[in-house]
Each structure stands twice: as structure tokens, then as C-alpha cells.
Ligand code: NOJ
């Protein structure tokens, strides 16, 4: 943002002076909004221009894609179909491979046969947990040959089919004989082979096919300038592009990070379409605009297509700058026609600046299958320590250790639970990370231990820029080890960030990974304790002096790869090393907590992310839901948005609404810019402080439910907060809904996102029963219902059929709830049934991987409520350390909603002591009973209470045992 004013020819002193001034301005921050002029548009990006031009050309009726399969080159072996392609215009050859993988995944790879030098293919090392396994389940005798088509059925039931059309080359993937994905259906496939600059025959393909060579497009082939910054492009044009069609799918989702809608918009004409493609290029965008396809901090090139009855998805595994155009059409303009009554299809066009084509296709068929398939490939979200899903209190900055102590005490004084207090960049000695400001934070260990004694933790920031100072050990060691990122001439790259002149460690170098992880050892990171966790910010990376506030693309990384090739995964390499460092520092290992701003496929294995610098206004609050839902369905469920908004001062009503929403988002942290007024919850006075306390307490009551959802995400990839279409995949009305969502499959949440709002419309899908989460009152009716709302809560509904575990005692932090008894909330559906699960472990170590956990399956049917254990093959209950240390944790209350007939008696027994049946005390849900529960548990006044409720008090049953409760009529 500062750099527009610095010309190319400014001398070093002028540059540094201006940068210094800019830096001061940024640090003291005059709040201004995003400056679009700081960031390139497609028209200002030569490979984007070229690929869009190629697409335009290919859309004309006379065009025929020049890429054909070379005769008799197809070979099928061990689940890989390979062959040779030729570009008939310039005679360049390519190798393609289609890998038929286990778990209903297919992979298509295309690279040059004889590249002048290797093209980057390294994203797989960072994003995939292992080289995926090919399936051997495919038809023995594929049809191939004469008619120019090779087809093969694969998958356990052979219900998947791949059809390779030879001339021109395009590939269809079918599920149950219906095409779901087609590559190069529209002929946009364009592979810019590596070439020598002085070879005139070597024009990029779209230029040779155009009758008029557009001078503007030619510009930028061998060097490119933006805002006075030169990209030297030593390899010239090397982009790759491919169109991917989803026949019959009118909704596509994913490709975060954008401040856009959940169901993605068109980008080249159409209703409400954007003019620009969606851009994936990790950038630090100051006060970003909403409803925009512009790039933000992270990139996940994963796109999911859904229609009634089918879901499919792709991962475009490429870490270079990538753009995606989306168009929808009824009349299919591709090679294939889908019959007369063609439904709307979505056609996407992907192009990246460099690298190879490496695309994974997830064939579902359901969304949950896809989430699992993606997780099996890139890893599931790491199960965090349990404190990490509590409430986090952050600001830039808490001033000193007394300030920290006061804020900490404030929470106790005002009876508000919280788990983590955060320190931003000002805690360091002049932005030297891993150090402490000696005056403001003179006793960092004591500070952390004081917090830790209360069962709480601290997070401090460690940014990726390293201050250039020979007396700073991090700089010195990294320089000595030769692990710093180099400029195009091989000299250490220097740029400008918070500390002033800085360098960047090259975390793509394994040596840097190993060295950096060691910096978190307690004896190396002075002043750190086991209560300290880490925040990785600015890792896009943000460089104030760089083009588009990031790294120049011609910088050099490990093994000589250009930054251009791997820009989008760079931030993740820093996140990975930090996370490993926290794991390694304790023995036995504890789970890490590292928040990152930049992300890429695989980041879910290293920690949480947040949506960066949002503004304290209602629109940003509203935008947080589609953003987080999108990130969640793209394999990264542990995400959140700054509660209260980062820039500006939220009015109390907005702040309250934000807390109420944040309490129902996976990562729940309040954060504020250094220039904003203080906003600790008690500063607003009643009734606001009370509302905020209630919101945070709701989070804590539901921590067992949240933790269970995290465990589920860590084993099967299910997002924690779920868009309506994921929960109701056959209900088309839900496909574009983004202003309400589910936590798990049980809680329907409707954030309130405008000022002074007194009513809202909520959509109740299907034939389900719903109960108001606070009053337990049944919702009458279904479909869209208008409801009154109050200031003390946002609408939340329990879906009939759910069983939710809660802990209802108020404590100061999650760890204090460790052995608290449970309340089970049973919401019966119309058939009088409900089901749910509960997962518990020590919340800290990796003992759970050895089987030391509790995992219960709750089932209520035909008046019988049964708790059984999921099979734990690793340890017996009597050897289960978690159960042993928690064997007296009991159920203190069971609340059953929607009981149509009150039972004469209720009996309870352990399943292995069937003769020892006890009659349990219960009461019908009289107003007083419920009021007692609701107001102590949530602190919200209850207006009117439903009465078809049964409350069983102290059933004398332990959470870890198998038991049955029977309603006897
Ligand atoms: C930018 C981050 O997005 C923000 O959260 C943080 O407070 C500042 N950097 C200062 O570290």
C-alpha cells in the first residue's frame, strides 16, 4: 500500500525513508479502506489476460482444440492410464496420466514431455499426506481404439467410468453412467510450454491462434511491471489452463478465500455476475471489500458441485497464482450435449501461472463422502487441545503484564469464562519474535504461570519476517545456516515489514523446517512455558515493500524454485514448522495450537485460521457466515472471524450480536486494532455485558458438543458448522442459503446481522420438528417463518432427533470443567426418537490415539434411552487412562423434549447390571423447573415454556458406562 509512491528509480535512502514513514502510518494506523489499485486485476496480469483470451477464442464456433491424443500411446497399468498428447499447432508433446485412486478419487496429471527444465510439481509434498494409492478395481479390458475413445469402469462396484476422447483430448468422469465432471469440454486447455526467449517460433499458443496479435497481450511474456515493480520472469510464459465442467450442476461452492457468497457467482456475464475471475493469490488485503472475487489471505483450490442426488468436487493442486472463471449455462456449448432438457450446468475455467496440471476429482456421491475423500488425501483437521475451542480474548495490544493481569481478573470479577489471552506484536523487543519487551513484559514466565494456574493459556504472535539485526539470534542463525529466501540474483532478499528492514526464512527448505521447529523448545524460546501457544500472522507473506504487498515472484527458494511456483503454499510451510515446534517441545508431546492467517490445502493439519482484518460493521458480521462456511466445506473447519471486527469501534449492539454469532462459530476470538477503543466485555455496562456473558456461557455449556464435532472432523472431515445444503442435500431451496447454518446436524443458528432488528425469517427445512434452544418450545410450522427476536440471544433451534451433551456449571475456563457432570438434552423427532454422540479425552496429549478416550453413542427409541460405547479396539475400559482418571464423572440431568405422553415411571440401570434397576426421580417440565435450568444455564429470562418435557434429575449413572433408561407407561 505504501509502495505506489516509490518510483522504480528511487534510491535506497529515499525508499527506506518513505517506507519508514509508511510504516509509521500503518502502525499508528489511519484506518482507510482497501485500495484496489494495490492489487492486480485480470487485465493487469498477463497470464490471466492470455488465458481469458484463449477461452474467448475457444468459444467461437470455428475453434477446435489443438490437443489430441497421439495414436497408440495409451497404456493402462496398475490403475494409471497414461498417454501422449500433441499440440497440433506447435507440435509440442505432453504426457498425461489419469490415476484411478482408492476411495472414489481420480487424478489427472499433465506435464510437458520434454520441458526445457523441470516444472514445479512440489505442492503435493506439502498438501498430500502421502502419495495416494491407485485402485486395482477397474475393468480388465477397457474399450479403446478405433473410435478415438478409451473408456474404463472403476471403483469397487465399477460404477465409475472414465472416458478419454482422443481428438480433441477431453475426459469425462461418470458416476452411475451420468457425467459429473468433464475436463476440456470447452477446449480451453492451454499449456504454455517452456521456451527460449529468443526463439520467434515460440509464441504462446493463444497468440499464434489469434489473427491479430494483441500487443497488450504480448506485453508481460518475459517481464511484467505492476505499480512500478518489475517481475523479471526468467522462464517467460509458462501458464496452464483447463476448463472443468459440471454437467447438470447449477451450484458450485468453495475456492476460498473470498468475501463472496456461499454458492459461487458467475464471473463472465449472468445475473449479478462479477467481472473478474475468482482469484487465488495469498495477499494481505487491508480492509477488504465485500462481495468480491478478489484474492485474500488464503487459497484452497477446491470446488464442490452439488445438485439433488449428486455431489462431486475437484482439487486443483497448484500453488502458483490461480484464477477461476465460472459460467453457468443451460445450452451446453461443450463437446458433449446432455440431452434436450438440459438443466443448468456450471463450467469453470482454471488457470495458474506456472507448474503442472494436477487435478483430483472426488466422486462422492454425497457431500460427506467428498469431505472424507478430501481428508484422506490432504489430512483431516488436527484435533485441537480442548482449551482452543473455548473463548479467546485478544487485542493489538495488551499493554504490559499488569494489563494482562487486570484483564484476566476482569473475567473473574464479571464471572465470564475465557480460556486464552493473546499478545500481539508489541509484546516483543522491537518486533524480534521469540523475545519480550523487557520493560512491558519483564516477567513473561510468571505472567504465563499466573494465567496457567487458573487453567488458562496465552497465545503470542510470531510473524515470518525477521528483523535484520546481527545481534538478533534468529537472524544470525538463519543467515549462518543459509536458509533465507534469496532474490533473483541469489542474494538474501530484503524487504520491509513491522520491524523495518527484514528477511524471510525459506520454510520450503527442510533444514529451515527442522531448525525453526527447534526455536520453540523451552530452553531456546526464553520466557516461554507450556502455557504459551502461537499465532502466525502476515504469512501470505505480507511485505510492505513488495509487489501487491507480498513477495516478488522471481525470488528463489530451496532447490532454486521461483516464489511464483509456490506462493500460495509458502504461508503454510511457516505454519507447519511452528506447529511441529510446539509438538516437539514437550515430552510426551502435547497437541499444538497455532493460528495462521495464510492457508492452503493441508493447513487443517497444523491449526486454525481466521479471516483477517475485517471491519466492525454489520456487513462484515454478515459476511463472516458464508466465508466460514465456505472455508469449512473446503477441508479447513477450524476457522473464525474477529469478534467485534478488527477495524473501528463497534457500537454495543453490534458487539453483542457479534459475540452471539461468534459463540456458534468454530474459532471464537475477540480481536481489535491498536487504534480502537478498549472492548473487554465489561466495559459496556448492563445490559450489554450481561448479553455478552450469556453468549460466552452458551459456548461453554456446549463445549462437549463442539469437541465431539471436532473429533468427527478429525476422523471423517465433516465440517463443524454446516451449510443448509449439506444437511438437506435434496432440498433445492437450501442450496444458496448462507444466512443460517447448522452446528453439526443438530443446532440451527441464525445470526442477527442488522441494527435494530426485531424480527427475522428462518427457514425450517423438511418435515423435522424444531425446538427453540432456549425455551424448548416447539416451532409450529415449517418452511420460512417470521419470528420476533430479542437482544439477549440470536435464534438457535434444536433439530428434533438430536441428543446434545452439555456441561451446565459455570467455571472460569474450560479446564475447570474437566470433571463436571453432564446434562443430556434429548430433542425427540416426530417418531419419538433421537440420537447423538459424545467424545471426550484428556484434551491435551496424543493419548487418545492409543485409545484413551470415551466415545458414547446415545440412542432414544421406543421410550428407551441407551448409552453404548463405540468400539474401542485399542484399550479395555479398565486400562483406559482417560476413563480411569474420570471414572466418577456422572450424568446430573437428562432433559427430554417432545414427550407426547408422560410415563408412569422411569427406570435406569447399567447394561451389565440388568437386575439392579432403579426407579429414577423425574418431573414434568413445569415452568419453574425449566426456568431454573434455563436461567442458571443460560442466564436468559424465559418468557414461556413448553410443557411436554421430562427432566430426570441425578439418574446416578456414570458417563463412561453403558446404561439404559426406560420410560414405563
Ligand atoms: C495483521 C493481523 O491481521 C492483525 O490481526 C494483527 O493485529 C496485526 N497484523 C498486528 O500484528
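Numbering (full-length UniProt numbering), first residue to last: 1 to 969.
Every residue gets a Cβ at the ideal spot worked out from N, C-alpha and C, and that includes glycine.
Those residues which DSSP pairs with residue i across a bridge
i           : result
residue 313 : 304, 362
residue 111 : 95
residue 972 : There is no way to answer for residue 972, as the model of the chain reaches only from 1 to 969.
residue 393 : 421, 670
residue 910 : 963
residue 869 : 856
Close-in-space but distant-in-sequence residues of the same chain around residue i (CB under 6 Å, 5 per side omitted)
i           : result
residue 905 : 919, 968
residue 907 : 917, 919, 966
residue 359 : 108, 314, 316
residue 709 : 720, 744
residue 387 : 419, 457, 814
residue 840 : 854
residue 861 : 833
residue 29  : The pLDDT assigned to residue 29 is 41, lower than 50, so where the model puts this residue is not dependable, and the model offers no usable value.
residue 573 : 507, 508
residue 110 : 94, 96, 357
C-beta atoms of residue i and residue j nearer than 8 Å
i           : j           : result
residue 567 : residue 282 : yes
residue 183 : residue 244 : yes
residue 660 : residue 793 : yes
residue 598 : residue 298 : yes
residue 416 : residue 650 : no
residue 552 : residue 377 : no
residue 348 : residue 325 : yes
residue 673 : residue 396 : yes
residue 609 : residue 642 : no
residue 120 : residue 354 : yes
residue 604 : residue 380 : yes
residue 38  : residue 548 : yes
residue 239 : residue 488 : no
residue 459 : residue 422 : yes
residue 542 : residue 550 : yes
Near the ligand NOJ: residue i beta-carbon under 7 Å from a heavy atom
i           : result
residue 667 : no
residue 538 : yes
residue 645 : no
residue 425 : yes
residue 95  : no
residue 620 : no
residue 38  : no
residue 612 : yes
residue 432 : no
residue 392 : no
residue 396 : yes
residue 961 : no
residue 534 : no
residue 465 : no
residue 597 : yes
residue 251 : no
residue 671 : yes
residue 461 : yes
Distance between beta carbons of residue j and residue i, contact taken as under 8 Å
i           : j           : result
residue 622 : residue 259 : Their Cβ separation, rounded to whole angstroms, is 11 Å, which puts residue 622 and residue 259 out of contact at 8 Å.
residue 536 : residue 582 : Wrong, their Cβ atoms sit about 11 Å apart, outside the cutoff.
residue 254 : residue 303 : 4 Å
residue 855 : residue 869 : 7 Å
residue 294 : residue 288 : 7 Å
residue 684 : residue 655 : 7 Å
residue 394 : residue 671 : 4 Å
residue 629 : residue 770 : Not really, about 20 Å apart at Cβ, beyond 8 Å.
Close beta carbons around residue i, own chain, < 7 Å, minus the five adjacent residues each side
i           : result
residue 718 : 368, 371, 712
residue 653 : 755
residue 757 : 789
Residues of its chain near residue i, where Cβ-Cβ distance is below 8 Å and the 5 sequence neighbours each way are ignored
i           : result
residue 787 : 759, 760, 761, 762, 795
residue 845 : 588, 589, 590, 591
residue 88  : 66, 67, 68
residue 64  : 168, 187
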